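The next block holds one structure in the form of structure tokens; read it before the comments.
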Amino acid sequence: MKKRAGILVFYAIAIGLLGVAAAAAQNASPTDLRPVKVMTSLPTLTTAVPYTMLAEHFDKDHGLSVEMLSAGGASSLQVDAVLSGNVMFASPGTPTALQAIRQGANLKIVAAIANNQIAAVISNKALAKVGVASNAPIADRIRALKGLTVGTNPVGATYYQMLRGYLKQYGLDPDNDVRLVGIADSSALITGIEQGRFDAIVSASGVVEEAIGRNSGTLWFSGARGDIPGQDVTMVCVIVTRADTIEKQPELVKAYVAALQDALNAIHTDRTATGQALKANFFQKLDPELWAMVWNGATAAYPANLAFTRRAFDYWVANDPKGADSYKNVDYKQITYGPAQSP
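Structure (structure tokens):
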């Protein structure tokens, strides 16, 4: 009887210790948190997952203290920051990440955080000229860009490449039928359409819609609300880290991905509260009604989970300016974190 009582006491102590450990993980003090530097672009719907993680403190729930640095709209700066060791994770555009890997960069994709988020705003003057309704079939809306000057992201950027792809898909020559002007500063896109330098602007949802709030144009199309078929294949933003980080610090990588998954879950299951947190922390300048329109309308913006699918890999490889053959030495399974792999 004494022996059994001793065993029960042992189990009670063990269970108590496990409970203490679990509570400690949930309520770690700032000094107990592991600091992690991350680089991302400016706040847009594309980067809503990592920004939600910050706004709702999901990093701390997993024992991390994330410091977020911004690279503006430059994915190449994010890649360079990871490779140099200045940050541990970054969220570049998918084609930029893949092109860096193709060139030998020591990177792995650990998550995909956004479906197609391309968005276009057409100026009021151009809308009157093209004679096509803003709710016309997507093919008609894209063909209506013929002859227009379109401000977009810099040459080679994710949305620049996607726009060229859609122009080709719907029968336009992006080099001759449309004048594309690459702009690194997103605010210059807004002032450009406002001042009449651009007939339309194309970039990430959450950026170009500011022109609507200034009464400078109308939403022309939006991948985030599902206007363009195949939005679940064209994953536009991924999380990358160095391959040796996964090897040397697997638990840290696992914790960061878990924090991102919590953020993605919040976007799907508690959309109203998540939108309010994002607006309060990162989109203060955006008109509340406009933010509500953008956020509530982004029904197709986010994947169900963080997997970087084989189909997304194949899409970007097939649409690379240098052709699919340029990726003949790149293996999807080798460049994608194991838990993030999916058909």
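In short: position in the sequence shown from 1, add 146, done, that's this note's numbering. We put the CB at the ideal spot given by N, CA and C, even for glycine. Small disclaimer: the values here were computed from a predicted structure and weren't measured.
List the residues that DSSP assigns as beta-bridge partners of residue i.
i: Phe454; result: Gln487
i: Leu253; result: Arg388
i: Met185; result: Leu215, Ala236
i: Ser222; result: Ser222 pairs with nothing; no bridge assigned.
i: Ala346; result: Ile268, Val296
i: Thr110; result: The structure shown does not extend to residue 110, since the chain is modelled only from 147 through 489, so no value can be given for it.
i: Thr198; result: Paired residues: none, contrary to the question.
i: Thr482; result: Ile255
Just to confirm, is the Cβ distance from residue i to residue j under 7 Å?
i: Ile259; j: Leu253; result: no
i: Ala447; j: Asn261; result: yes
i: Met234; j: Val182; result: yes
i: Thr298; j: Pro241; result: no
i: Ser351; j: Gln480; result: no
i: Ala453; j: Ala486; result: yes
i: Val379; j: Ala265; result: no
i: Thr482; j: Ile255; result: yes
i: Ala357; j: Val267; result: yes
i: Leu470; j: Val463; result: For the record, residue 470 in the displayed sequence is Ala; it is not Leu. Result yes, Cβ atoms of Ala470 and Val463 sit closer than 7 Å.
i: Ala201; j: Asn427; result: yes
i: Thr198; j: Ala405; result: no
i: Pro238; j: Ser211; result: no
i: Arg456; j: Pro434; result: no
Buried or exposed for residue i, going by 16 or more other Cβ atoms inside 10 Å?
i: Thr445; result: exposed
i: Val301; result: exposed
i: His414; result: exposed
i: His203; result: exposed
i: Lys206; result: buried
i: Ser332; result: buried
i: Gly369; result: buried
i: Pro189; result: buried
i: Gly218; result: exposed
i: Glu397; result: exposed
i: Glu393; result: exposed
i: Leu291; result: buried
i: Thr418; result: exposed
i: Gln377; result: buried
i: Gly484; result: exposed
i: Arg360; result: exposed
i: Gln224; result: buried
i: Ser230; result: exposed
i: Ser362; result: buried
i: Asp319; result: exposed
So, helix, strand or coil for residue i, using DSSP?
i: Ser237; result: coil
i: Arg360; result: coil
i: Met308; result: helix
i: Gly328; result: strand
i: Ile268; result: strand
i: Met381; result: coil
i: Ser211; result: strand
i: Val296; result: strand
i: Thr418; result: helix
i: Ala167; result: Bear in mind that the predicted position of Ala167 carries a pLDDT of just 39, short of 50, making it unreliable; the figure below should be weighed with that in mind. It is helical.
i: Arg180; result: strand
i: Ser368; result: strand
i: Ile374; result: coil
i: Ser490; result: The shown model of the chain, from 147 to 489, leaves out residue 490, and the question about it has no answer.
i: Ala446; result: coil
i: Ala107; result: With the chain represented from 147 up to 489, any question about residue 107 goes unanswered, as that position is not in the structure.
i: Thr190; result: coil
i: Ala438; result: helix
i: Val258; result: Note that residue 258 corresponds to Ala in the displayed sequence, not to Val. Strand, per DSSP.
Chain D beta carbons: is any one of them nearer than 7 Å to that of residue i?
i: Val440; result: Of the chains in the structure shown, none is chain D; there is only one protein chain.
Taking 6 Å as the line, does the beta carbon of residue i fall inside it for any heavy atom of the ligand FMN?
i: Pro241; result: Questions concerning the ligand FMN fall outside what the structure shown contains, since it holds no ligand whatsoever.
Tell me, please, whether the segment 391-409 touches the segment 284-291 by the rule of three or more beta-carbon pairs shorter than 8 Å.
no
Is the segment 292-311 touching the segment 320-334, taking contact as three or more C-beta pairs under 8 Å?
yes
Does the segment 189-204 come into contact with the segment 369-386, if we say contact requires no fewer than three beta-carbon pairs (one atom in each stretch) closer than 8 Å?
yes
Between the segment 334-350 and the segment 409-428, can you find at least three pairs of beta-carbon atoms closer than 8 Å?
no
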